[in-house]
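Note that my numbering numbers the sequence shown so that position 104 is 554, with each residue one more than the last.
In this text, a Cβ means the ideal position worked out from N, Cα and C, and glycines have one as well.
Since the structure is predicted, the reported quantities are computational estimates derived from the model, not experimental observations.
The structure appears below as structure tokens.
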Amino acid sequence: MISDKLRPHHLERKAILYVRQSSAHQVLHNREGSALQYAMRDRLTALGWSEIEVIDDDPHSAAGGVQRAGFERMVAEVCLGKVGAVCAREVSRFARNSRDWQQLIGDVPRGRTVLVDQETIYAPRHGNDRLLLGLKGSLNEYELDLLRQRSLSAR
Numbered sequence: 451m452i453s454d455k456l457r458p459h460h461l462e463r464k465a466i467l468y469v470r471q472s473s474a475h476q477v478l479h480n481r482e483g484s485a486l487q488y489a490m491r492d493r494l495t496a497l498g499w500s501e502i503e504v505i506d507d508d509p510h511s512a513a514g515g516v517q518r519a520g521f522e523r524m525v526a527e528v529c530l531g532k533v534g535a536v537c538a539r540e541v542s543r544f545a546r547n548s549r550d551w552q553q554l555i556g557d558v559p560r561g562r563t564v565l566v567d568q569e570t571i572y573a574p575r576h577g578n579d580r581l582l583l584g585l586k587g588s589l590n591e592y593e594l595d596l597l598r599q600r601s602l603s604a605r
């Protein structure tokens, strides 16, 4: 196996690639970012998945309070045990607030699903990976809050 965190039961279930851009402007002017996100499909294939579903229903979901049907569908399928891996270029792309992050991270261990990004494979059932994911989620939320504060100050 490519990683000691991957088991046959992960590869027997589908993988979900979650693609999201932060704004309409990014979608139009940062095509490289979209291409890099979709290219993560190749990483999943190299890791051994043959069934890969791409969820890209939530392209402009950086703003708080935005309904994200794709994210909700992904979490539901994880909870039902249908998913072996959820993947994004950066794990921070999964959630933009602590509630969503904790919902995903909390449900992943139950479904024995791994999280995959461009750098590593996270198995949230392992304490060290769960700690690292928690820190990444907290830092991401702090960074977004800092960017909002800077934006308001600049106005």
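Beta-carbon separation (whole angstroms), residue i vs residue j, contact threshold 8 Å
i    : j    : result
E527 : I466 : 7 Å
K532 : I502 : About 13 Å separates the two Cβ atoms, so there is no contact after all.
Pair within 8 Å by beta-carbon distance, residue i and residue j
i    : j    : result
R539 : L486 : yes
I505 : M490 : no
Y592 : F544 : no
V541 : D579 : no
L494 : L456 : no
E462 : G534 : yes
Inter-residue spacing [alpha-carbon to alpha-carbon] between residue i and residue j
i    : j    : result
C529 : R605 : 42 Å
K633 : R518 : In the structure as shown, the chain starts at 451 and stops at 605, and residue 633 therefore has no counterpart that could be examined.
L565 : H459 : 14 Å
S603 : D595 : 12 Å
D507 : F521 : 8 Å
S453 : S601 : 41 Å
R470 : Q552 : 18 Å
L597 : S588 : 14 Å
Which complete alpha helix (DSSP H) runs does the region 488-537 hold, if anything under 4 residues is left out? 490-497 and 519-529
What are the uninterrupted segments assigned as beta strand (DSSP E) that are 3 or more residues long and contained completely in the region 538-582, given in chain order? 564-566
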